[in-house]
Amino acid sequence: MKSVYSVGQVNRYVKNMFTQDFLLQRLYVKGEVSNCKYHTSGHIYFSLKDESGALSCVMFAGYARGLGFRMKNGDKVVAGGCVDVYERDGKYQFYAKEISREGAGELYERFLRLKEELEDMGMFAPEYKQKIPPFIKTLGVVTAPTGAAIQDIRNITHRRNPYVQVILCPALVQGEGARESIVRGIQMLDRADVDVIIVGRGGGSMEDLWAFNEEMVARAIFECRTPVISAVGHETDFTIADFAADLRAPTPSAAAELAVYDYRGFVQSLLEYEKRMRLSMHRSLESSRSRCAQYGSRLSYLSPERQIREKRLLLASIQEQMKHLMDRRLEETRHKRNVYIERLEGLSPLKKLRQGFSYVEKENGQGIHSISQVETGQTLLIQVEDGTIRTQVQGAKSLQRGGKAHAQG
Numbered sequence: 000m001k002s003v004y005s006v007g008q009v010n011r012y013v014k015n016m017f018t019q020d021f022l023l024q025r026l027y028v029k030g031e032v033s034n035c036k037y038h039t040s041g042h043i044y045f046s047l048k049d050e051s052g053a054l055s056c057v058m059f060a061g062y063a064r065g066l067g068f069r070m071k072n073g074d075k076v077v078a079g080g081c082v083d084v085y086e087r088d089g090k091y092q093f094y095a096k097e098i099s100r101e102g103a104g105e106l107y108e109r110f111l112r113l114k115e116e117l118e119d120m121g122m123f124a125p126e127y128k129q130k131i132p133p134f135i136k137t138l139g140v141v142t143a144p145t146g147a148a149i150q151d152i153r154n155i156t157h158r159r160n161p162y163v164q165v166i167l168c169p170a171l172v173q174g175e176g177a178r179e180s181i182v183r184g185i186q187m188l189d190r191a192d193v194d195v196i197i198v199g200r201g202g203g204s205m206e207d208l209w210a211f212n213e214e215m216v217a218r219a220i221f222e223c224r225t226p227v228i229s230a231v232g233h234e235t236d237f238t239i240a241d242f243a244a245d246l247r248a249p250t251p252s253a254a255a256e257l258a259v260y261d262y263r264g265f266v267q268s269l270l271e272y273e274k275r276m277r278l279s280m281h282r283s284l285e286s287s288r289s290r291c292a293q294y295g296s297r298l299s300y301l302s303p304e305r306q307i308r309e310k311r312l313l314l315a316s317i318q319e320q321m322k323h324l325m326d327r328r329l330e331e332t333r334h335k336r337n338v339y340i341e342r343l344e345g346l347s348p349l350k351k352l353r354q355g356f357s358y359v360e361k362e363n364g365q366g367i368h369s370i371s372q373v374e375t376g377q378t379l380l381i382q383v384e385d386g387t388i389r390t391q392v393q394g395a396k397s398l399q400r401g402g403k404a405h406a407q408g
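In numbering that gives the first Met the number 0, the protein residues as written are 0 to 408.
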């Protein structure tokens, strides 16, 4: 009886055969690109063909992002990857993981060998790198006179600092005689005593940029007394000239920005600094004026003249208070004195004498207040209001309680 298999089983069996074949899992295929399509997802679908046939290929987006050039129909490339079966369609195709232009692999190996050799010689050592001066007057450029690189450098230089002079030394940047032309341009500008030299060109394939991977170009850059900025290709392109130069710029435009100080930006910054300085000075002056006013007020309050004036006012106030207290005390004293005078007058013998009373005393000044103190015939002095009466005792009569009197002598 015949064995019958499904389509899926057959495709799966064939896929396993491809998977188990070690040769098909790591394979390099060269050919001419045709039917090349860049999908919106980032995948690249194309075919590789030669005079004997064609091979369907795909490069997924994850690998396509590392592709160093944009692939197009007619390109001669070498693709590395594996062959596998797409079960849904039942066809096999080549899954590319890396793609390089045909011949680029040999150039890249030459590039690595020369880079290692020059690096061992110390030509890329950082201690030999010259500093790019911050302010330049003349800028030398070694590049093609008709390329976009020189136009970008001129435009950016003029925009950043219109006072910088750009001196172009035209040179071939690819093809026969390019390396000699580049070396000659570097040496001429070095003798011209420019401030900085930019050596570069626009992007291209490794073959297009190969003149900047030549040893003689690297030596010319290394031996140049003028600081050199290398600006070859795009940001992802690296050449031997980049490693030998004092500074590498990703593009010619970036090289111009690195070499030429932004004068207009500097002027704008100065204006901003001036504005901020004026505002700061104004605030500082206002603060100083306020402090001076405070110090003036405090000084005025603490000044000797003010102190003397205040002390005088205080003294006058104290004098006024003292005068008021003294007047009050004097008034109280006068009142007390008058009271005492009234009291004294009430007790004064003279007042009694004026009222008809008199004062009797002996000749020796002893006052008489009892009949027992006198004798008959004794001389007494009687003091009255207006004088003294001299008299002699004739006799004495005693006053008894109950109205009775007692006569003496």
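The beta carbon of each residue, even a glycine, is placed where N, CA and C say it ideally should be.
Handout entry: Nearest-angstrom Cα separation, counted from residue 397 out to residue 403
Key = Summary for residue 403: the model assigns pLDDT 46, below 50, so the residue's position carries little reliability; its value from the coordinates is reported in the next sentence. Between residue 403 and residue 397, the alpha-carbon positions lie close to 8 Å from each other.
Practice task
Can you tell me which of the three DSSP states residue 41 falls into?
Solution key: Here residue 41 sits in coil by DSSP.
Exercise for the section: Mind checking who residue 92 pairs with in its DSSP beta bridge? Expected result: In the DSSP assignment, the residues bridged to residue 92 are 83.
Exercise for the section: Work out the CA separation of residue 48 and residue 31 for me, nearest whole Å. Expected result: Looking at the two C-alpha atoms, the distance is approximately 5 Å.
Problem - Rounded separation between residue 196 and residue 63 - CA only - result: Per the coordinates, the alpha-carbon of residue 196 lies some 36 Å from the alpha-carbon of residue 63.
Handout entry: Helix, strand or coil at residue 409 according to DSSP, with G and I counted as helix
Key = Examination of residue 409 is not possible in this model, given that the chain is present from 0 through 408 alone.
Practice task
Count the other C-beta atoms from every protein chain shown that fall within 10 angstroms of the C-beta of residue 356, then say buried if there are 16 or more, exposed otherwise.
Solution key: Around the beta carbon of residue 356, fewer than 16 other beta carbons lie within 10 angstroms, which makes this residue exposed.
Problem - Endpoints, beta strand (DSSP E) assigned at residue 410 - result: The chain is shown from 0 up to 408; residue 410 falls before or after that span and cannot be answered.
Practice task
Measure how close the beta-carbons of residue 165 and residue 152 come, nearest whole angstrom, since I'm counting them as under 8 Å.
Solution key: 7 Å between Cβ atoms; contact.
Handout entry: Alpha carbon of residue 326 to alpha carbon of residue 384, nearest angstrom
Key = Each residue's alpha carbon lies about 38 Å from the other.
Handout entry: Beta-carbon contacts of residue 386 that lie in its chain and below 8 Å, excluding the five residues immediately before and after
Key = Cβ within range, chain order: n/a, list empty.
Practice task
Give the single residue among 234, 239, 299 and 388 whose Cα lies nearest to the Cα of residue 122.
Solution key: In this structure, 239 is the residue among 234, 239, 299 and 388 with its C-alpha nearest to the C-alpha of residue 122.
Exercise for the section: Decide if residue 401 is buried, meaning its Cβ has at least 16 other Cβ atoms within 10 Å, or exposed. Expected result: Residue confidence for residue 401 is low, a pLDDT of 49 falling below 50, so the modelled location carries little weight; the figure read from the coordinates is stated next. Exposed.
Exercise for the section: For residue 114, count neighbouring Cβ atoms within 10 angstroms of its own Cβ and tell me buried if that reaches 16, exposed if not. Expected result: By the Cβ-count criterion, residue 114 is buried, with 16 or more other Cβ atoms from all chains shown falling within 10 Å of its own Cβ.
Exercise for the section: Measure the Cβ-Cβ separation of residue 388 and residue 381 and say whether it is below 8 Å. Expected result: Against a cut-off of 8 Å, the Cβ pair of residue 381 and residue 388 comes out as a contact.
Practice task
Use the C-beta contact count for residue 2: other C-beta atoms within 10 angstroms, 16 or more gives buried, fewer gives exposed.
Solution key: Burial check for residue 2: the Cβ neighbour count within 10 Å stays below 16, so the residue is exposed.
Practice task
Using three-state DSSP, classify residue 385 as helix, strand or coil.
Solution key: In the structure shown, residue 385 sits in coil (DSSP, three-state: anything other than H, G, I, E or B).
Handout entry: Endpoints, the beta strand (DSSP E) within which residue 200 is located
Key = Secondary structure note for residue 200: its beta strand (DSSP E) is the uninterrupted segment 195–200.
Practice task
Output the boundary residues of the beta strand (DSSP E) element that contains residue 137.
Solution key: Residue 137: member of the beta strand (DSSP E) spanning 137–142, first to last residue.
Problem - Own chain residues within Cβ distance below 8 Å of residue 261, not counting five before or after - result: Spatial neighbours of residue 261 in its own chain (CB-CB distance under 8 Å, excluding positions within 5 residues in sequence) are listed in chain order as 159 and 160.
Problem - residue 76 and residue 29 closer than 8 Å at C-beta - result: The answer is yes: Cβ separation under 8 Å.
Exercise for the section: Please name the residue or residues paired with residue 391 in a DSSP beta bridge. Expected result: According to DSSP, which records beta bridges pairwise, residue 391 is partnered with 378.
Exercise for the section: Kindly list the residues whose CB is nearer than 8 Å to the CB of residue 98, restricted to its own chain and excluding five residues on each side of it in sequence; keep chain order. Expected result: Closer than 8 Å at the Cβ level, and outside the excluded window around residue 98, lie 58, 66, 70, 76, 77, 78 and 79.
Problem - Own chain, CB closer than 7 Å to residue 231, minus 5 neighbours either side, in chain order - result: Around residue 231: 199, 200, 208, 211, 238, 240 and 241.
Exercise for the section: Note down the Cα distance separating residue 117 from residue 45, rounded to an integer number of angstroms. Expected result: Cα to Cα, residue 117 sits roughly 39 Å from residue 45.
Exercise for the section: Go through its chain and collect everything with a Cβ distance to residue 255's Cβ below 6 Å, but skip five positions before and after it. Expected result: So the list reads 152, 155 and 156, once near-sequence residues are dropped.
Handout entry: Pairwise C-alpha distance: residue 244 and residue 270
Key = Cα to Cα, residue 270 sits roughly 36 Å from residue 244.
Practice task
Look at the Cβ atom of residue 220, then the Cβ atom of residue 257, and state whether they are nearer than 8 Å.
Solution key: Their beta carbons are not under 8 Å apart, which means residue 220 does not touch residue 257 by this criterion.
Practice task
Give the straight-line distance between the Cα atoms of residue 177 and residue 264, rounded to the nearest whole angstrom.
Solution key: Looking at the two C-alpha atoms, the distance is approximately 37 Å.
Exercise for the section: Could you tell me whether the Cβ atoms of residue 72 and residue 33 are closer together than 8 Å? Expected result: Yes, the pair counts as a contact, with Cβ atoms nearer than the cut-off.
Handout entry: Bridge partner(s) assigned by DSSP for residue 49
Key = Per DSSP, 52.
Problem - 7 Å Cβ shell around residue 301 - same chain, five flanking residues per side excluded - result: Annotation for residue 301: no residue places its beta carbon closer than 7 Å to its own, counting only its chain and skipping 5 residues before and after.
Practice task
Report yes if the C-beta distance between residue 83 and residue 14 is below 8 Å; otherwise report no.
Solution key: Result yes, Cβ atoms of residue 83 and residue 14 sit closer than 8 Å.
Exercise for the section: Name the two residues that bound the continuous alpha helix (DSSP H) containing residue 316. Expected result: Segment 303–346, the alpha helix (DSSP H) holding residue 316.
Handout entry: Close-in-space but distant-in-sequence residues of the same chain around residue 146 (CB under 8 Å, 5 per side omitted)
Key = The answer, listed in chain order, is 172, 200 and 201.
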